[in-house]
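**Student:**
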Amino acid sequence: MDHSPHILIVDDQRDIRDLLARFLVKHGLRASVAENAEAARKLMRAAKIDLIVLDIMMPGEDGLTLTRSIRENQDIPVILLTAMGDETDRIVGLEVGADDYLPKPFNPRELLARIKAVLRRARVMPRAAAPGRGQLCFDRWKLDLARRELLDEHGVSVALSSGEFRLLLALLERPGMVLTRDQLLDLTRGRSVQPFDRSIDNQISRLRRKIERDPRNPSLIKTAWGDGYSFAGEVQRR
Amino acid sequence: MRLWPKSLAGRLAAFLVLTLVVAQVVTFVLFAGERVTTFRNAYRDDMVTRLVSLVRLLEETPPELHQRLIATASSALLHIDLAAEPILLSGEAAPPDLRDRLAVALHKSTDDVRLAVSLSGWRAQHRKMQRNRHRPGPWASVSVRLASGKWLNASADVPPVPRLGSVFLVSFLISALAVAAVGALGVKWASKPLNQLAGAAERLGRGERFDPLPETGPRETRQANVAFNQMRSRLERFIRDRTTMLAAVAHDLRTPITTLRLRAEFIDDKEAKSKILETLAEMQTMAEAVLAFARGDAENEPTRPVDLTALVESIVEDAAAKGKHVRFTESQKRTLSCRPFALRRALGNLIDNATFYGRNAEVTIETTANETRILIDDDGPGIPKEALEHVFDPFVRLEGSRSRDTGGAGLGLAIARSIARSHGGDVRLENRPQGGLRAIFALPNDVLGRVADQA
């Protein structure tokens with residue numbers, strides 16, 4: 001039997017869904033296609049689907065609504081195809097529970113990389129801890145996962161670079177656990193195909209400058225004895 | 239004329255004061271003569287009454303008292319003495335009616351009363367007196383024969399007319415000031431909508447966001463504001479229609495580009511495949527730029543308090559993570575109210591330009607009295623002076639250095655400027671003296687101030 005992951009592609013554009021299916025099959029995945037939400041539901045009942053690639057803009061029931069209903073009933077990862085450059089789509093998409101997003105027109109190879117990353121993560125992590133939803137609160141800060149922004153107690157937004165965001169998220173998801181530089185590199189590279197060559201130490205010091213009350217005497221991000229960092233504060237997920 | 243004030247309020251105040259001066263002068267001319275006549279009549283009547291009383295007293299008292307009585311009745315202006323002869327000739331009576339009235343009052347025959355009042359005008363007399371310093375002869379003379387047969391001779395000098403004194407001047411100044419102040423305040427109040435309108439027109443021209451003008455107040459300003467609001471909404475609808483069309487075109491390109499990218503993945507010829515992917519990437523960049531430009535701030539991102547320094551630093555870090563040679567010079571924390579995604583796009587464009595045309599780019603933040611500036615310096619070739627404004631026009635790319643295959647649709651600067659202006663700021667370019675270009679993304683400080691108040 002074929003144990004390669006089964007991907008469901010939902011897109012109203014026939015060319016795109018058929019070509020994408022061919023492309024994924026060519027790269028060793030199984031693929032089914034659906035042209036709308038209804039057909040997608042039918043397929044999900046008929047076969048075991050490992051991941052759904054879903055276009056946000058579809059006639060009839062749109063991708064966001066479908067994602068929300070999938071989230072309520074099942075535990076299937078979703079990658080959303082959003083309109084290009086549309087921040088709102090991206091944020092709403094992550095808020096309704098999509099695992100990742102890619103703006104259209106996308107690079108097929110990047111989509112493939114994201115599919116693999118999400119599948120890998122889905123195997124390792126229980127869905128409840130999936131990123132992209134809600135807020136992580138620590139000290140006087142709130143980290144909004146969908147907006148990828150840090151808010152202080154006055155609601156002032158303190159922007160993080162993508163690297164800083166991933167690093168902070170990796171630490172916040174494992175409070176108290178010492179993570180080596182290699183582990184951090186590994187964790188923060190997860191969602192990105194581009195090489196992540198900014199040194200971890202630099203990013204840690206920039207993060208400290210942003211969130212620590214006294215960056216020279218950090219109380220949140222501790223340097224672990226030896227070769228790593230850990231988050232020492234208390235983290236609440238909302 | 240230099241004295242003529244520039245503002246409407248000043249002009250109206252000056253005009254009102256001028257009118258007041260003219261009115262006061264006319265009033266003065268009209269009433270000055272009247273005032274002198276009234277004064278003269280009162281003076282004359284007083285003199286007559288005094289003479290009548292004196293004559294009666296003299297005729298009923300013993301002669302020893304006469305000198306003392308005369309001295310009491312005299313004054314600096316009224317000279318009285320008793321003599322054997324009158325100072326006026328018989329029959330002299332000018333005007334006769336006054337002489338007759340005097341005679342009746344004294345119960346004497348008209349022959350015993352002689353009177354002469356100078357016919358030359360009071361003021362003429364008065365002026366002559368002041369000019370010549372000597373007495374020009376009495377203004378009025380009276381001779382009355384007493385029962386004793388002696389003549390009572392009286393002559394009166396012209397009394398000085400009391401001046402229109404400082405009271406008049408003070409009252410004039412007070413009313414002038416009051417009129418000027420009320421005029422200025424009134425105009426200030428009335429021209430406030432005008433200033434508002436001018437400001438709104440300026441902001442509209444710059445593409446800033448602002449609330450519609452209030453359609454209240456007096457009819458004229460209300461009409462002007464209504465007309466302005468209508469013009470603005472028509473203008474915005476017109477622009478919106480065109481950008482919607484542009485956005486739709488760019489948006490619809492997504493599907494064919496995605497399809498072509500997928501098809502390219504099945505091409506076996508490696509070289510052809512990479513060429514096609516390159517072209518597609520370029521098409522995508524252009525479509526994205528057009529879409530970003532067309533959309534502008536149409537995404538309706540809310541304005542939020544943002545740590546500007548952290549925002550700029552994170553944008554620079556993200557660019558650096560993509561392999562761009564760009565550095566951020568640290569600076570203190572600044573909080574301002576803005577739309578961070580829009581700012582991210584604008585600054586991202588400027589940094590892309592800087593790292594594209596130069597080898598290195600450096601980003602700093604500086605604060606002046608009026609604005610906070612994000613400076614993006616590069617070490618590239620700069621831009622000819624005459625093209626510094628031109629490059630902001632959409633779809634403009636300079637010949638030579640900015641040829642077609644350098645990518646981009648020539649919209650980066652236009653987008654950055656439109657975002658800056660919608661924040662009330664601007665983007666400016668200048669060539670640095672040491673070479674390279676400096677892009678200045680300026681935001682007004684009052685935006686910063688407003689947040690500081692909230693925090």
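These protein sequence lines are chains A and B, in that order. Sequential numbering of the first sequence, starting at 1, is according to our numbering. Sequential numbering of the second sequence, starting at 239, is according to our numbering. Even for Gly, the Cβ is constructed at its ideal location relative to N, Cα and C.
Are any of the Cβ atoms in chain A nearer than 8 Å to that of arginine 470/B?
**Tutor:** Looking up residue 470/B in the second sequence gives position 232. By this cut-off, arginine 470/B is not an interface position.
**Student:** Counting only beta-carbon separations shorter than 8 Å, does leucine 254/B have a partner in chain A?
**Tutor:** Sequence index remark: in the second sequence, residue 254/B carries index 16 (1-based). Chain A, which has no Cβ nearer than 8 Å to the Cβ of leucine 254/B, makes this no.
**Student:** Determine contact between the region 200 to 208 of chain A and the region 245 to 263 of chain B, defined as no fewer than three beta-carbon pairs at a distance below 8 Å.
**Tutor:** Contact between the region 200 to 208 of chain A and the region 245 to 263 of chain B is absent, because fewer than three Cβ pairs lie under 8 Å.
**Student:** Pick from Thr602/B, Phe269/B, Ala280/B and Gln468/B: whose alpha carbon is nearest that of lysine 705/B?
**Tutor:** Residue 705/B lies beyond the residue range present for chain B, which begins at 239 and ends at 693; the question has no answer from this structure.
**Student:** Measuring only between beta-carbons, confirm whether alanine 693/B sits less than 8 Å from chain A.
**Tutor:** For the purposes of this step, residue 693/B is taken as the residue at position 455 of the second sequence. With a pLDDT of 34 at alanine 693/B, under the threshold of 50, the predicted position of this residue should be treated as unreliable, though the coordinate-derived value follows. Judged by the 8 Å Cβ criterion, alanine 693/B is in contact with chain A.
**Student:** What three-state label does DSSP hand glutamine 13/A in the structure shown?
**Tutor:** By one-based count along the first sequence, residue 13/A stands at place 13. In the structure shown, glutamine 13/A sits in coil (DSSP, three-state: anything other than H, G, I, E or B).
**Student:** Going along the region 559 to 570 of chain B in order, which residues come within less than 9 Å of chain A, judged by CB to CB distance?
**Tutor:** The region 559 to 570 of chain B vs chain A, Cβ under 9 Å: Ala559, Lys560, Gly561 and Glu568.
**Student:** What does alanine 548/B touch in chain A if you count any residue whose Cβ is under 7 Å from its own?
**Tutor:** Stepping through the second sequence from its first residue, residue 548/B is reached at position 310. By Cβ distance, chain A contributes Val158, Ala159 and Lys210.
**Student:** So the candidates are Thr276/B, Phe266/B, Ala314/B and Leu340/B; which of them puts its Cα closest to the Cα of arginine 294/B?
**Tutor:** Indexing the second sequence from 1 puts residue 294/B at position 56. The residue with the shortest Cα to Cα distance from arginine 294/B is Leu340/B.
**Student:** Is it the case that the region 150 to 162 of chain A contacts the region 217 to 236 of chain A, given that we only count it when at least three CB pairs across the two stretches are under 8 Å?
**Tutor:** Verdict: no, contact absent.
**Student:** Classify aspartate 643/B as helix, strand or coil using the three-state DSSP reduction.
**Tutor:** Position 405 of the second sequence, counting from 1, holds the residue named residue 643/B. Low per-residue confidence applies at aspartate 643/B: pLDDT is 46, beneath 50, and the placement is therefore not dependable enough to give any value.
**Student:** I'd like to know if isoleucine 495/B contacts chain A, where contact means its C-beta is closer than 8 Å to some C-beta of that chain.
**Tutor:** Here residue 495/B refers to the residue found at position 257 when the second sequence is read from its first residue. Closer than 8 Å to some Cβ of chain A, the Cβ of isoleucine 495/B qualifies, so yes.
**Student:** With burial defined as no fewer than 16 other Cβ atoms inside 10 Å of the residue's Cβ, what is the status of isoleucine 70/A: buried or exposed?
**Tutor:** As a working note, residue 70/A is residue 70 in the first sequence. Buried, by the Cβ-count rule.
**Student:** Name, please, each residue of chain B whose Cβ falls closer than 9 Å to the Cβ of glycine 93/A.
**Tutor:** Counted from its first residue, the first sequence places residue 93/A at position 93. Within 9 Å Cβ-Cβ: nothing; glycine 93/A doesn't reach chain B, min ~15 Å.
**Student:** Does any CB atom of chain B fall closer than 8 Å to the CB of glutamate 164/A?
**Tutor:** Position 164 of the first sequence, counted from the start, is the residue given in the question as residue 164/A. Chain B contact via Cβ: present.
**Student:** Determine whether the beta carbon atoms of leucine 581/B and isoleucine 614/B lie at a separation below 8 Å.
**Tutor:** Position 343 of the second sequence, counted from the first residue, corresponds to residue 581/B. Position 376 of the second sequence, counted from the first residue, corresponds to residue 614/B. Going by C-beta atoms, leucine 581/B is not nearer than 8 Å to isoleucine 614/B.
**Student:** In chain order, what residues of the same chain have a beta carbon less than 7 Å from the beta carbon of alanine 394/B, not counting five sequence neighbours either side?
**Tutor:** Counting from one through the second sequence, the residue named residue 394/B turns up at place 156. Excluding positions up to five away in sequence, the list reads Met285, Leu315, Leu316, Pro376, Trp377 and Ala378.
**Student:** Closest by CA to isoleucine 211/A, which one among Pro175/A, Phe138/A and Leu94/A?
**Tutor:** Working through the first sequence from its first residue, we reach residue 211/A at position 211. If we check each option's Cα against that of isoleucine 211/A, Phe138/A comes out closest.
**Student:** Please return the same chain residues whose Cβ sits closer than 7 Å to the Cβ of arginine 209/A, not counting the five positions on each side in sequence.
**Tutor:** The sequence position of residue 209/A within the first sequence is 209, counting from 1. Correct list, in chain order: Pro215.
**Student:** Does the beta-carbon distance from leucine 254/B to serine 429/B come in below 8 Å?
**Tutor:** One-based indexing of the second sequence puts residue 254/B at position 16. One-based indexing of the second sequence puts residue 429/B at position 191. Result no, Cβ atoms of leucine 254/B and serine 429/B do not sit closer than 8 Å.
**Student:** Taking three-plus beta-carbon pairs below 8 Å as touching, is the region 436 to 445 of chain B in contact with the region 408 to 418 of chain B?
**Tutor:** Segments in contact, no.
**Student:** Report all residues from its chain with a CB closer than 6 Å to the CB of arginine 565/B; omit the five preceding and five following residues, and keep chain order.
**Tutor:** As a first step, residue 565/B must be located in the second sequence, where it is residue number 327. Cβ within range, chain order: Glu600.
**Student:** Quick one: measure Cβ to Cβ for leucine 119/A and leucine 187/A, integer angstroms, because I've assumed they're closer than 8 Å.
**Tutor:** Translated into positions along the first sequence, residue 119/A becomes position 119. Translated into positions along the first sequence, residue 187/A becomes position 187. With a Cβ gap of about 17 Å, leucine 119/A and leucine 187/A do not count as contacting.
**Student:** Rounded to whole angstroms, what's the CA-CA distance from asparagine 107/A to threonine 496/B? Just pull it up for me.
**Tutor:** Taking the first sequence and counting its residues from 1, the one referred to as residue 107/A is at position 107. Taking the second sequence and counting its residues from 1, the one referred to as residue 496/B is at position 258. Roughly 8 Å separates the two Cα atoms.
**Student:** What beta strand (DSSP E) runs, 3 residues minimum, are completely inside the region 150 to 214 of chain A?
**Tutor:** Here the runs fully enclosed are 157 to 159.
**Student:** With distances taken from CA atoms, which of Ala530/B, Thr454/B, Pro452/B and Glu668/B is nearest alanine 485/B?
**Tutor:** The sequence position of residue 485/B within the second sequence is 247, counting from 1. The option with the nearest alpha carbon to alanine 485/B is Ala530/B.
**Student:** What distance in whole Å lies between the Cβ atoms of threonine 610/B and leucine 667/B, which are believed to be in contact at a cut-off of 8 Å?
**Tutor:** In the second sequence, counting from the first residue as 1, residue 667/B sits at position 429. In the second sequence, counting from the first residue as 1, residue 610/B sits at position 372. At roughly 18 Å, the Cβ-Cβ gap does not stay under 8 Å, so leucine 667/B and threonine 610/B are not in contact.
**Student:** Hey, how far is the Cα of leucine 81/A from the Cα of valine 92/A?
**Tutor:** Sequence index remark: in the first sequence, residue 81/A carries index 81 (1-based). Sequence index remark: in the first sequence, residue 92/A carries index 92 (1-based). If I take the Cα positions, the gap works out to 12 Å.
**Student:** For the region 98 to 119 of chain A, list every residue whose C-beta sits within 9 Å of some C-beta in chain B, in sequence order.
**Tutor:** Those would be Pro103, Lys104, Pro105, Phe106, Asn107, Pro108 and Arg109, in chain order.
**Student:** If I measure Cβ to Cβ from glycine 28/A and keep anything under 7 Å in the same chain, skipping five residues before and after, which residues do I get?
**Tutor:** As a first step, residue 28/A must be located in the first sequence, where it is residue number 28. For glycine 28/A, where only same-chain residues beyond five positions count, the Cβ hits under 7 Å are Ser4.
**Student:** Can you grab the Cα-Cα spacing for the pair phenylalanine 410/B / proline 243/B, in whole Å?
**Tutor:** Within the second sequence, numbered from 1, the residue matching residue 410/B stands at position 172. Within the second sequence, numbered from 1, the residue matching residue 243/B stands at position 5. The alpha-carbon atoms of phenylalanine 410/B and proline 243/B are separated by roughly 22 Å.
**Student:** Please report the residue range of the alpha helix (DSSP H) in which phenylalanine 269/B lies.
**Tutor:** Residue 269/B sits at position 31 when you count from the first residue of the second sequence. Start and end: 246 to 298.
**Student:** Cβ closer than 7 Å: which chain A residues qualify as neighbours of glutamine 522/B?
**Tutor:** For the purposes of this step, residue 522/B is taken as residue 284 along the second sequence, with counting starting at 1. The answer, in chain order, is Pro105.
**Student:** Along the beta strand (DSSP E) that carries serine 393/B, what are the first and last residues, could you check?
**Tutor:** For the purposes of this step, residue 393/B is taken as residue 155 along the second sequence, with counting starting at 1. Counting along the chain, the beta strand (DSSP E) containing serine 393/B begins and ends at 389 to 394.
**Student:** Does alanine 146/A have its Cβ less than 8 Å from a Cβ in chain B?
**Tutor:** As a first step, residue 146/A is located in the first sequence; it is residue number 146 there, counting from the start. By this cut-off, alanine 146/A is not an interface position.
**Student:** Just to make sure I have the definition right: I need the residues of chain B whose C-beta is within less than 8 Å of the C-beta of glycine 28/A. Which are they?
**Tutor:** Mapped onto the first sequence, residue 28/A falls at position 28. Within chain B, no residue comes near glycine 28/A; the closest Cβ sits about 14 Å away, beyond 8 Å.
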